[in-house]
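Note that the protein sequences, when read in sequence, are chains A and B.
Count along the first sequence from 1, then add 17; that gives the number in my numbering.
Count along the second sequence from 1, then add 4; that gives the number in my numbering.
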Amino acid sequence: MLDQTQVERLNAEAVNSAKIRQPLYAPRRKIFPKRASGRFRQFKWLVMAITLGIYYLTPWLRWDRGPFAPDQAVLLDLANRRFYFFFIEVWPQEFYYVAGLLMMAGIGLFLVTSTVGRAWCGYTCPQTVWVDLFLVVERAIEGDRNARMKLDAGPWTARKLVLRVSKHAIWLVIAVATGGAWIFYFADAPTLIGEVFRGTAAPVAFATIAVLTATTYTFGGLMREQVCTYMCPWPRIQAAMLDENSLTVTYNDWRGEPRSRHAKKVQAAGQPVGDCVDCNACVAVCPMGIDIRDGQQLECITCALCIDACDGVMDKLGRERGLISYATLSDYNANMAVATAGGSSPVNPSLVRTDEGKFSDKLAHFHIRKIFRLRTFVYLGAWSAVGLALLYSLLTRDRLEVNVLHDRNPQFVTLSDGSIRNGYTVKLLNMIPEPRTIVVTMQGLHGAEMSVVGIDLPADRSFAVPVEPDRLKTLKVFVRQPANQVESAAQTFKFRVEDKASFETDEYTATFNAPEIAR
Amino acid sequence: MSTEHIDDVSGISTTGHEWDGIKELNNPLPRWWVITFYITIAWAIGYTIAYPAWPLLTSATRGVLGYSSRNDVKNELAAAEAAKGKYVAAIQAKTVSEIAADDALREFAVAAGGAAFKVNCVQCHGSGAQGSAGFPNLNDDGWLWGGSADQIQQTIMHGIRFASDADTRQSEMPAFGDIITAEQINQVSAYVASLSGPVQDASLIEPGAKVFAENCVACHGDKAKGNREFGAPDLTDAIWLYGSGETAIAAQVRAPKHGVMPAWIGRLGETKVKELAVYVHSLGGGE
């Protein structure tokens, strides 16, 4: 018989023991943002009203373009391949305007980010705006943070069911309205809304509404901050654009630390104590559920609601606002150096204050000058250059154009009297919504005459043709030159088009080919 | 060999793989991601049931929806045919001259005829209808058998020297090598060449004109302007089907080539032939 201490203990472990088992997924930690109030919240309400207003109302603006074009101010007419924006009408070949606008958006983003950080994320991103809107609904129905947390943790009572169902119902209504508003940009809105309600609209309209309803409801109501954290590439990109002079939402631990909930007791014990009372108000209002006091982080969309929350607390305590504030990294580092005596000691808030308790003169403050630095001027310059180029091209663009395709097969035809004929496909572009009569004239090419298929004109060097409003007219034009007038195997001449009413003209230089022997 | 360990900074274990000193944290996926992943799997299974998917020995599962991309194509083609119906009916009812006079119909017929031309005619006439030696250029204004839309239609329908069609256009130039002397052939060739350009030996022209008057005027006319009744070419113009110049003309006088064009009515039907006639007529030489 062995004593039990003599039994050999094997070094073995179950493969699925709790110690080494990995969770399959990380469940979402629910966030219940508390209502904030303050100047940034006010500003966000304003931005929300403007952006939502633009989105929902734009398709309903009217703009009179006469009887031959739609009267919707902003319309992407995919079926007819026209884009209308107030007084601007864009044809598909002018789509480079969109490329220009995208360049401006990109450079504008650099500019905004390098000055005021992730302002796009915090104020104007549709995800932020719609989440904010959905939170308004949630708060109105379920109450503020504590009430919502209690409701969420509580059992499924009739009241909870009613609240939850009505919340999701209103979310869905907003989602349908959001998806619904989108389609009005692509067709005449007053006509389309009637068709949608009668069920006679095109299937693609209903499919679009369904898809956008689903994304709005899912992203705005269910996924919220996860879209920014997991799905969006913007936070990664924008973080790379920030520099030490960009404004970001910053917890100023040079005056906040060491934080304490019992400041008086700590002070009495002779320990240094900062302004932060560790009330967690900044965490409670955060729609991303983070603690700004942990420093600048990927999840922070810089909505500045923590600034509002903290300012409110500081006001109540009679301390200066700005424990959390928009600050640049360079200012923060300078102030940190003051508070830590050049990094030689832990943060001591007494170092940033004078004996009277006022802030020391040595502290750095943001100055508007910091916005005007080489980097922002370069961005502004590039942005303006693209904008001015677009504007110039818009103001000087042709509304009457001629394009010519020279027949290549055969390049020329020898006729029975020995004369040489070339064929051309001439396209007349009437790019205004009014009917016009266009005069097409040949310039150059000695002794040559034109004839046009389908138009009975005495063979001549000029003819007039009506072109429908906002349309392209294709003509088959034959040009014939007597053999003894042919100068070389490839002569150039011009097709000139003119609108006699508006004096607009355009030209196309074409080639006339002849066999070598015809000379 | 992978070795797992707990990362000091985050307290999370690594996947155990290492690339140049870089290790990957074994963070769990967000739940929504996992749910989405499962939904895609369910979707894939549903898809393979609904649509043709699983390969079998000789075919594949059909899918409960009975979808087939060939049916799609068939339906699209049927829809395209139905959309063309209005024009096709009008083309059937009208003559080619009437079709050519109607803007919308002409546009349709030119497009349809152009497509048919690319399939049936380019082998001889070339992709641009420019022809080649022995095959006429259809862009120019020289027509052996007439260049009106109706005459072109007639030519396409019944062909030229096409033995199996009773209504085919028929003519045959005799081989004058057996009828007149070699000298006379040289003389008449010089005469014909002189009608549209200079010749090397002007002394041949006058005897040549005599030979021409005795042998050729019956078909080519006393002014050598040709005769469309027999498909006899105009010998005074710049267009030469079998080559220009005295040598080429002499060869044709001695032992003429006779081009053959098939009759297309049986193969293409009346509508296509009309469309082709309108297309050829529109190429620039139509009369």
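Where a beta carbon is used, it is the ideal one built from N, C-alpha and C, also for glycine.
Taking a C-beta cut-off of 9 Å against chain A, the contacting residues of the segment 37-48 of chain B are W37, V38, I39, listed in chain order. Per DSSP, E102 of chain B has no beta bridge partner at all.
For the segment 232-247 of chain B, residues whose beta-carbon sits nearer than 9 Å to a beta-carbon of chain A comprise D238, T240, D241, A242, I243. Assignment of beta-bridge partners to P483 of chain A by DSSP yields A:T454. Against Q256 of chain B, chain A offers no close residue; the least beta-carbon distance is about 18 Å (beta-carbon pairs closer than 7 Å). Not a single C-beta of chain B is nearer than 8 Å to the C-beta of R46 of chain A.
Between T233 of chain A and W173 of chain A, the gap from beta carbon to beta carbon reaches 8 Å or more. Bounds of the beta strand (DSSP E) holding M467 of chain A are 466-469. One thing to note: T357 of chain A has its Cβ no nearer than 8 Å to the Cβ of F383 of chain A.
No Cβ of chain A is located within less than 8 Å of the beta carbon of D205 of chain B. Three or more beta-carbon pairs drawn from the segment 458-469 of chain A and the segment 488-499 of chain A are found closer than 8 Å, and the two stretches are therefore classed as touching. Runs of the alpha helix (DSSP H) spanning 4 or more residues and lying entirely within the segment 72-122 of chain B occur at 73-97, 100-105, in chain order. Proximity to A507 of chain A across A:R488, A:T458, A:N439 peaks at A:N439, based on C-alpha coordinates. DSSP places Q157 of chain B in the uninterrupted alpha helix (DSSP H) bounded by 153-162. G440 of chain A is bridged by DSSP to A:F495.
Check the Cα spacing between W188 of chain A and each of A:A218, A:A219, A:Y101, A:L229: the tightest is with A:L229. Counting of Cβ neighbours within 10 angstroms places G117 of chain B among the buried residues, the total reaching 16 or more.
In the DSSP assignment, G134 of chain A falls outside any beta strand (DSSP E) and carries neither an H nor an E. In the DSSP annotation of this structure, the continuous segment of the alpha helix (DSSP H) that includes A406 of chain A starts and ends at 391-412.
Beta-bridge partners of S136 of chain B (DSSP): B:F139. Looking at the backbone, the Cα of P84 of chain A and that of F104 of chain A are separated by about 15 Å. Within the segment 111-131 of chain B, the residues whose Cβ lies closer than 7 Å to some Cβ of chain A are S131, listed in chain order. Non-local C-beta neighbours of Y268 of chain A in its own chain, meaning closer than 6 Å and more than five positions away in sequence, comprise I309, R310, I341, ordered along the chain. When the alpha-carbon of W251 of chain A is set against those of A:A31, A:A136, A:S410, the nearest one is in A:A136.
DSSP places W199 of chain A inside the alpha helix (DSSP H), whose first and last residues are 175-200. From the beta-carbon of V430 of chain A, the residues of chain B found nearer than 8 Å are Q134, N141, N143, D144, G288, G289. D107 of chain B reaches chain A at G471, counting residues in chain order whose Cβ is nearer than 8 Å. A distance below 7 Å between beta-carbons, with the five flanking residues on each side excluded, links V283 of chain A to the following residues of its chain, in chain order: S277, V290.
Secondary-structure assignment with DSSP links E521 of chain A through a beta bridge to A:D516. Counting along the chain, the unbroken alpha helix (DSSP H) around W37 of chain B starts and ends at 35-54.
Distance between A518 of chain A and T454 of chain A, taken at the CA atoms: about 8 Å. The C-beta of V179 of chain A has fewer than 16 other C-beta atoms within 10 Å across all chains shown, which makes the residue exposed. Contact annotation: A153 of chain B and V282 of chain B have beta-carbon atoms nearer than 8 Å. Around V203 of chain B, the same chain offers A194, A197 as residues with beta carbons nearer than 6 Å, after the five sequence neighbours per side are excluded. Under the three-state reduction of DSSP output, A213 of chain B falls in the helix class. Contact check for T172 of chain B against A54 of chain B fails: the beta carbons are separated by 8 Å or more.
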